[in-house]
Amino acid sequence: MNIPSALLTWTGLRTPPLEEHPSEPQPLHLPTEIIEAMISFIPHHPTSQATLYSLCLVSWSWHSVAITRLYESPYLYGKNYDPFVRTICPSLNRHVKKSDLAGLVRCLDMSRLVHQGSRSTTARVLGRCKGGMVEFTAPQANFGINCLAALSKCINLRTLDLSLLSESISYKELSSTLRSLTQLSTLKFPRSATKDTDRSPPVSVTWPPHLSTLSLSGNM
């Protein structure tokens, strides 16, 4: 039974003449809005990273949408942290172009990292992701004063979790950082923040104007 070519136009495939060898079917083009709607059903779960990565390989249309979800809230742990850093921070050399993927990161959760990386690496990652990041959870180790300087430039940050830090941070250093984070609404204080040695004059912490949730724990 011969099917008229007009009935196959919705598939996006081309029906060749009978005397010619059929060519490879062309992929069906979907509007970006439909791809975004389909990807929105993928749950925010660690196992979804493999799914999003596979979707990035389908076509450029799928790649442009799936790559945003893939880097929006990366699931970081021991084995994948170094590859993530090499992608976000390809090099310290000035002539090497910075990765545009760093601007896609919205939520940076480093709570599952223990001894991976270094303090300087954490500061570099914060410096590259500062443009779009709205939520940050600091690692237990490898977070120092130099990281606070980079953190103060994340001016769009709304949630800051420092509760896992094992190293003490002075009120003065923390207050200097918070002064720049004017959009911050949620703050989890570090477990130990008693490193101040200069008691005169007393240190007054400058709280962000939009702060609505403050969590305190450990030794104050």
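Numbering of the sequence shown is given in numbering that gives the first Met the number 0, commencing with residue 0 and proceeding in unit increments. Note that CB positions come from ideal geometry on N, CA and C, so glycine has one too. Given the structure is predicted, the values throughout are model-derived calculations rather than measurements.
{"Asked": "On the premise that residue 87 lies in contact with residue 101, defined as a C-beta separation below 8 Å, what is that separation, rounded to the nearest angstrom?", "Found": "5 Å"}
{"Asked": "With a threshold of 6 Å on Cβ separation, who are the neighbours of residue 123 within its own chain once the five nearest residues in sequence on each side are excluded?", "Found": "88"}
{"Asked": "So is residue 104 buried or exposed if we call it buried at 16+ other beta carbons inside 10 Å?", "Found": "buried"}
{"Asked": "Under three-state DSSP, which class holds residue 213?", "Found": "strand"}
{"Asked": "What's the gap between the Cα of residue 116 and the Cα of residue 136?", "Found": "15 Å"}
{"Asked": "Going along the chain, which unbroken runs of the beta strand (DSSP E) with 3 or more residues stay wholly within the region 119–159?", "Found": "134–136"}
{"Asked": "Quick one: grab the DSSP three-state call for residue 100.", "Found": "helix"}
{"Asked": "For residue 205, which three-state DSSP category applies?", "Found": "coil"}
{"Asked": "Going by C-alpha to C-alpha distance, which of 189, 181 and 186 sits closest to residue 207?", "Found": "181"}
{"Asked": "For my contact list, residue 209 and residue 183 are in at a C-beta cut-off of 8 Å; report their separation, rounded to the angstrom.", "Found": "7 Å"}
{"Asked": "CB-CB under 8 Å to residue 145, same chain, minus the five flanking residues each way: which ones, in chain order?", "Found": "118, 119 and 122"}
{"Asked": "Quickly, what does DSSP pair residue 74 with across the bridge? List them, please.", "Found": "108"}
{"Asked": "For residue 191, does the three-state DSSP call read helix, strand or coil?", "Found": "strand"}
{"Asked": "What does a CB cutoff of less than 7 Å around residue 34 pick up in its chain, not counting 5 residues either side in sequence?", "Found": "60, 61 and 64"}
{"Asked": "To the nearest angstrom, how far is it from the Cα of residue 213 to the Cα of residue 205?", "Found": "13 Å"}
{"Asked": "Per DSSP, which one or two residues make a beta bridge with residue 173?", "Found": "BP columns for residue 173 are empty, so no partner."}
{"Asked": "Taking just the CA atoms, how far does residue 57 sit from residue 189?", "Found": "43 Å"}
{"Asked": "So, are the CB atoms of residue 179 and residue 154 less than 9 Å apart?", "Found": "yes"}
{"Asked": "What's the gap between the Cα of residue 29 and the Cα of residue 147?", "Found": "44 Å"}
{"Asked": "Quick one: residues in its chain with C-beta nearer than 8 Å to the C-beta of residue 130, no 5 flanking neighbours on either side, listed in chain order?", "Found": "101, 102 and 155"}
{"Asked": "Would you mind working out which of 45, 77 and 162 sits nearest residue 69, comparing C-alpha positions?", "Found": "45"}
{"Asked": "For residue 162, which option in 37, 176 and 140 has the closest C-alpha, if you only look at C-alpha atoms?", "Found": "140"}
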